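The numbering used here puts the first residue of the sequence shown at 1, with every later residue one more than the last. All residues carry an ideal CB built from backbone N, CA and C; glycine is no exception. These numbers were taken from a predicted model, which means no experiment stands behind them.
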Amino acid sequence: MKVYEECVPRNNKHIFNNFNSIGDTFSKLEQYDDALDAYEQALLIQKKHHPESYTDIVSSLIDIGHTKYNQMKLDDAVDYYSQAIVLLKEFDSTNHLQIATIFYLIGTTLNEQGSFDRAIEYLEQCLKIREASLSPGESDIMLILSCLSETHQARNQYQIALAYEMKLFLIREKSLPPNHENIAQSFSNIGKCYEHINQFKMALEYYKPALFIYVQHPLSSIEQGTMENNIHRLSTILNNLGIQ
């Protein structure tokens with residue numbers, strides 16, 4: 001690469017394309033320091049010689065953000081993702097899907113940091129854009145709903161999490177066979193939310209169909225055991241309370 005740089009001007013687009021390719025290779029090898037060096041070189045060349053190529057700059061900012069995330073330098077990752085958002089809003093504000101993708105990256109990174117309030121803010125913005133742009137059954141929408149539920153559960157806001165889980169279940173119910181493991185997962189998650197808001201009878205009504213599906217899937221023995229324990233525990237509580 002050093003010899004190549006000496007022969008080809010640094011303002012040649014092939015230079016930063018090669019740096020990006022090198023960065024991608026190091027990333028796949030999980031050699032993140034070397035990947036970061038390559039991505040930063042690409043970004044430097046783009047900003048200096050091709051500032052009009054904002055799409056390439058955005059891609060490099062995202063690549064660096066990913067690398068920082070993999071290094072667990074989460075503040076830095078959020079910073080680079082945020083720079084990408086600013087650039088997109090300035091030069092391509094109608095590119096809603098890419099903006100939504102970066103909102104998702106920021107939200108999940110903040111979630112990893114435990115900054116749940118800010119994570120929810122970005123994830124909700126992402127969901128709003130996705131719902132306006134995609135059909136309800138798209139996997140991206142289901143993923144965001146799941147992330148929002150998990151984030152609210154981390155804040156012990158199970159009533160809000162329940163609303164997201166119900167929305168996710170309704171989407172899955174329309175697009176998946178009734179004995180699909182993801183349907184069982186929805187039943188399980190809804191039951192968990194009901195249990196945490198002390199609606200034990202409602203929780204049982206979801207744990208039982210979750211178990212019914214899991215027993216049909218031999219590889220879901222752990223989930224099956226969890227549901228059996230949940231059902232036994234809540235049945236005991238309800239019996240002690242005299243609730244049938």
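Spatial distance of N179 from L204 (CA atoms): About 18 Å.
Between the alpha carbons of N182 and F16, how many angstroms are there, rounded? 42 Å
Is it buried or exposed, Q216, if we count other Cβ atoms within 10 angstroms and call 16 or more buried? exposed
So what does DSSP say about Q199, is it helix, strand or coil? coil
Determine the closest residue to S133 out of T101, Q41 and I62, with distance taken between C-alpha atoms. Here the closest residue by C-alpha is T101.
Look at the alpha carbon of Q98 and the alpha carbon of L176, and state the distance between them as a whole number of angstroms. 27 Å
Determine the contact status of I222 and Y206, defining contact as a CB-CB distance below 8 Å. 8 Å or more divides the Cβ of I222 from the Cβ of Y206.
Use the C-beta contact count for Q244: other C-beta atoms within 10 angstroms, 16 or more gives buried, fewer gives exposed. exposed
Closer than 6 Å by C-beta to L162: which residues in its own chain qualify, once you throw out the five before and the five after it? Chain order, please. C193
Proximity of A84 and V58 at Cβ, strictly below 8 Å: Between A84 and V58, the C-beta spacing is below 8 Å.
What first and last residue would you give for the alpha helix (DSSP H) that runs through Q159? It spans Y158 to S175 - the alpha helix (DSSP H) in which Q159 sits, taken as one unbroken run.
DSSP-derived helix/strand/coil call for N179: Note: N179 maps to coil in three-state DSSP.
What is the rounded straight-line gap between the Cα of L241 and the Cα of K201? 11 Å
With a threshold of 8 Å, are at least 3 pairs of Cβ atoms found where one atom belongs to the region 39–51 and the other to the region 60–74? yes
Does the Cβ-Cβ distance between Q113 and L88 come in under 8 Å? no
Pick from S115, P209, Y80 and N111: whose alpha carbon is nearest that of C147? N111
By how many angstroms is the C-alpha of N18 removed from the C-alpha of F26? 12 Å
Assigned secondary structure, V95 (DSSP; H/G/I helix, E/B strand, else coil): At residue 95 the sequence reads Asn, which differs from the Val that was named. Residue state, collapsed to three classes: coil.
In chain order, what residues of the same chain have a beta carbon less than 7 Å from the beta carbon of S220, not counting five sequence neighbours either side? E181 and Y214
By a C-beta neighbour count over all protein chains shown, 10 Å radius and 16 as the cutoff for buried, is G225 buried or exposed? exposed
Would you mind sorting Q159 into buried or exposed? The rule is 16 or more other CB atoms within 10 Å of its CB. That one is exposed.
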